[in-house]
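Participant: In this note's numbering, the protein residues as written are 2 to 334. Glycine included, every Cβ here is placed at the ideal spot set by N, Cα and C.
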């Protein structure tokens, strides 16, 4: 059901994507009652409503896209989906802040909320599950935007790793979790001489957590960055919110400050507390197996995440404190 485009525009798009011979029924309609009647008559397996902000009901006098119209139309479509067994996908707008536009109740009505994310400067798009009544949240699907439409990416870790021929200072690979999927992301740090007011800037990571990690580095590892500008970036535009990134961030900062690259095939993960202890990360075994599968060979991980059985092709250095991690890295470089 298209309310954003006419049937002719949808046909034009399908021809461009090479889908003009596909058996997809298109209805250019924005009146709720006619949409419901068509769904009842045709009983499709899946129906896509594009978009819920354009649909209106004759029973209400407010304009399409208003809070009342969006809430009422979504409620009717949800009831129709549950009574008929039709899977209905509602396409909605987002606000400038990136939140779902319209009444908050819209998120509560549906079973799953998926965000379609992308950077205008990148050809990759992420579909992220924010709410899921029947599965894990924060699961992501990675797709490449091509002239023939979206194509699935079989190895998403390759997007978030820089292609260096040799290791460079200030770079550390992290195994993070996106939902239940382990994914390798490169953390880059640059430590440079600052002025009287040194800056701390992070892209893809929490800025407040960066300030905390710098304080822990100074107190427990003797690495002082008080008079330095510190910039930290997660490659590929990925957002990392889990604390298991702490250890990789601190090792990347130390590598940049010393001007010495971490060894080839090196990665790390683990949460670092204010007392300097390295805490375990959830699903540690899956992280290790994913890194080994992609050819990584050296790891610094929390001692609680060290496997009982050795992982083939992987040298693991378990640590309990940030000082131990720094000693291990000095020995490797």
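What residue range is occupied by the uninterrupted beta strand (DSSP E) comprising residue 194?
Facilitator: 182-194
Participant: Label residue 167 either buried or exposed according to how many other C-beta atoms from any shown protein chain fall within 10 Å of its C-beta, with 16 as the threshold for buried.
Facilitator: exposed
Participant: Kindly list the residues whose CB is nearer than 6 Å to the CB of residue 181, restricted to its own chain and excluding five residues on each side of it in sequence; keep chain order.
Facilitator: 137
Participant: Can you tell me whether residue 14 is helix, strand or coil according to DSSP?
Facilitator: helix
Participant: Quick check: the Cα distance between residue 193 and residue 230, rounded to an integer number of angstroms?
Facilitator: Going by the C-alpha atoms only, they are around 5 Å apart.
Participant: Can you check DSSP and say which residues form a bridge with residue 31?
Facilitator: BP columns for residue 31 are empty, so no partner.
Participant: What's the C-alpha gap between residue 226 and residue 199?
Facilitator: 9 Å
Participant: Report yes or no: do three or more beta-carbon pairs, one from the segment 207-222 and one from the segment 281-301, lie closer than 8 Å?
Facilitator: no
Participant: Name, in chain order, the residues that DSSP records as bridge partners for residue 173.
Facilitator: 188
Participant: Quick one: complete alpha helix (DSSP H) runs, 4+ long, within the segment 41-83?
Facilitator: none
Participant: Residue 81 to residue 117, Cα distance in whole Å?
Facilitator: Cα atoms of residue 81 and residue 117: separation of roughly 25 Å, rounded to the nearest angstrom.
Participant: Quick one: which unbroken beta strand (DSSP E) runs of 3-plus residues sit fully inside the segment 117-153? Chain order, please.
Facilitator: 125-133, 141-147 and 150-153
Participant: On the DSSP bridge assignment, give the partners of residue 3 in chain order.
Facilitator: For residue 3, which the question treats as bridged, DSSP gives the partners 29 and 51.
Participant: Around the C-beta of residue 88, are 16 or more other C-beta atoms found within 10 angstroms, so that it is buried, or is it exposed?
Facilitator: exposed
Participant: Which of helix, strand or coil does DSSP assign to residue 278?
Facilitator: strand
Participant: Is it buried or exposed, residue 288, if we count other Cβ atoms within 10 angstroms and call 16 or more buried?
Facilitator: The residue in question, residue 288, is buried, as its Cβ has 16 or more Cβ neighbours within 10 Å.
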